[in-house]
Amino acid sequence: MPGAQDETPVTGGAGDVSEGPVLVINAGSSSLKYQLVLAGSGESLATGLIERIGLDQGRARHTVDGREHVLEQEITDHAAAFAVLTAQFAEHGPDLAQASPVAVGHRVVHGGAKFASTVLIDDDVLETLRRLVPLAPLHNPGNIAGIETALQTFPDLPQVAVFDTAFHQTMPPAAYTYAVPLSWRQTFNIRAYGFHGTSHAYVARRTAGLLGKSVEDTNVVVLHLGNGASACAVQGGQSVDTSMGLSPLGGLVMGTRPGDLDPGLPAHMSRVSGMTLPEFDHALNKESGLKALAGDSDFREVMQRRAAGDPGAELAFDVVVHRLVRHLGALALVLGRIDAIAFTAGIGENTPELRAAVLERAALLGVEVDVSANESASGETRISTADSAVAAFVVPTNEEWEIAREATQLLAGT
Ligand code: AMP
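Numbering (the working numbering), first residue to last: 658 to 1071.
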């Protein structure tokens, strides 16, 4: 265990596998987010964020019992990041060897059409993930680096990959097929995949619980509105359509990504400006969305500028709402019957003005907003009136808990 002061190896837990704990890893190209979480209860034993991997001024934050411990040092690569992770646990607790995690659960952004569920990681899985890199060039390489280093750091623990795309593999062909040449679809697997699956699955299940219904009998549109954003139609616990497609660029307006565009745009920009494809790719991933409309990708900042009368921020809010209403209406028709709308993630959980604006426009579906419940919502909250034909909720997402549950269910064979 590199970097740890206590050299006791971390081995699998002896207790009930379904209770956890699970070490959940979300590795990006320059950051590593982790959480030690009990799969049974969702209780978080420690969280951490290691940033600026491979850049100057690396920083690691480890939070346990509400106390944050910050370490600043150069973190050259993912191996160094895992050394910091184990050292943080050793110094500030909980002791990883004593906590005895039952698994390491990795968030992986793109599983292509190959992975329709959570899998135990082996050499074949890793090889397939490498082959899938072209589908998510910005995300999967960091995920793979995290997995490779975790395998070296915790060789005695089962390691599991939980995919953002897997939940959407239940979409029917009519929903995921693009009307493009057959050779593109057959040779390059061009189709819609969808993302944020762990969040949509978790929120849909919690929403059914809040309605007092079984997941199998509940139809819900989940609006995951964070820095990345997507809407999902969940029918009886299964994704039947979602706003994102092949890549995490499509659908709703996001922090730095535009969401839906006319497919003619790349060729047009190339003709009128000489822009190259890599430049276009960069602009759509990093320079579009809220950043392009309001000058800032952070929705809190956009809301502050809007309150101060900034016309760019006003337009950004209106475009975000319009796009949301358009997708919500479409997904409601796809479902045929809709029981609830659920708002989640940083923006969805924290912006009553946005929720009110969307729900007022969704009156056609039979939603009636409870104005005061919406304004004061905190934690899981019903924000529609008791008489509302379609319920609306705020449901804070918990992707780490969902990953831990997925990992333990796989290990338990359930
Ligand atoms: P996430 O990707 O789920 O962490 O969400 C990040 C987004 O949520 C950013 O645009 C934040 O500005 C936004 N956000 C977080 N907290 C708030 C808040 N209290 N009010 C408005 N937006 C927020």
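Ideal Cβ positions, reconstructed from N, Cα and C, are used throughout, including at glycine.
Counting along the chain, no alpha helix (DSSP H) covers Asn1055, and no H or E run does either. Those residues whose C-beta sits under 5 angstroms from the nearest heavy atom of the ligand AMP are, from N- to C-terminal order along the chain, Gly883, Asn884, Asp955, Phe956, Arg957, Ala1002, Gly1003, Ile1004, Asn1007, Thr1008.
In the DSSP assignment, Lys690 falls within the unbroken beta strand (DSSP E) covering 688–694. Remark: three or more beta-carbon pairs, one from each stretch, lie closer than 8 angstroms, so the segment 821–830 and the segment 883–903 are flagged as touching.
Inclusion of Thr913 and Lys870 in the CB contact set at 8 angstroms is not warranted, their separation being larger than that value. Judged by DSSP secondary structure, Ser701 falls within the beta strand (DSSP E) whose first and last residues are 701–708. Taking the Cα of Glu873 as reference, the smallest distance to any Cα among Val891, Ser856, Gly885, Leu880 is reached at Val891. DSSP, read as helix, strand or coil, puts Ala1049 in strand. In this structure the segment 749–764 lies against the segment 805–823, because at least three pairs of beta carbons, one per stretch, are closer than 8 angstroms.
Residue Glu1006 holds the alpha-carbon nearest to the alpha-carbon of Asn1055 among Ile847, Pro666, Glu1006. Boundaries of the beta strand (DSSP E) harbouring Asn876: 876–882, taken from the DSSP string. Contact annotation: the segment 776–789 does not touch the segment 694–710, with fewer than three C-beta pairs closer than 8 angstroms. For a cut-off of 8 angstroms, the C-beta gap from Gly908 to Asp917 is around 6 angstroms, short enough to register as a contact. Secondary structure within the segment 769–853: the beta strand (DSSP E) runs of 3 or more consecutive residues, fully enclosed, are 816–820 (chain order). Look at Arg716 here: in three-state DSSP terms it is strand.
Bounds of the alpha helix (DSSP H) holding His979 are 968–992. Distance between Thr806 and Asn800, taken at the CA atoms: about 10 angstroms.
When DSSP reads this structure, Thr899 sits in a beta bridge with Cys889.
Note on Asp1027: 16 or more other CB atoms within 10 angstroms of its CB, so buried under the neighbour-count rule. Using a 10 angstroms sphere on the CB of Ala802, the tally of other CB atoms reaches 16 or more, which defines it as buried. Listed in chain order, the alpha helix (DSSP H) runs fully inside the segment 736–765 are 753–756, counting runs of at least 4 residues. In the three-state reduction of the DSSP assignment, Ala1034 falls in the coil class. A straight-line Cα-Cα distance of about 40 angstroms links Pro935 and Asn876. Per DSSP, reduced to three states, the secondary structure at Thr864 is helical.
Between Ala703 and Glu676, the C-beta spacing is not below 8 angstroms.
DSSP places Ala1020 in no beta strand (DSSP E); its state is neither H nor E. DSSP places Glu958 inside the alpha helix (DSSP H), whose first and last residues are 956–964. Annotated as proximal: Thr822 and Gly851, with beta-carbon spacing under 8 angstroms. Counting the other Cβ atoms within 10 Å of the Cβ of Ala1019 gives 16 or more, which makes it buried. Beta-bridge analysis with DSSP links Arg724 to Val721.
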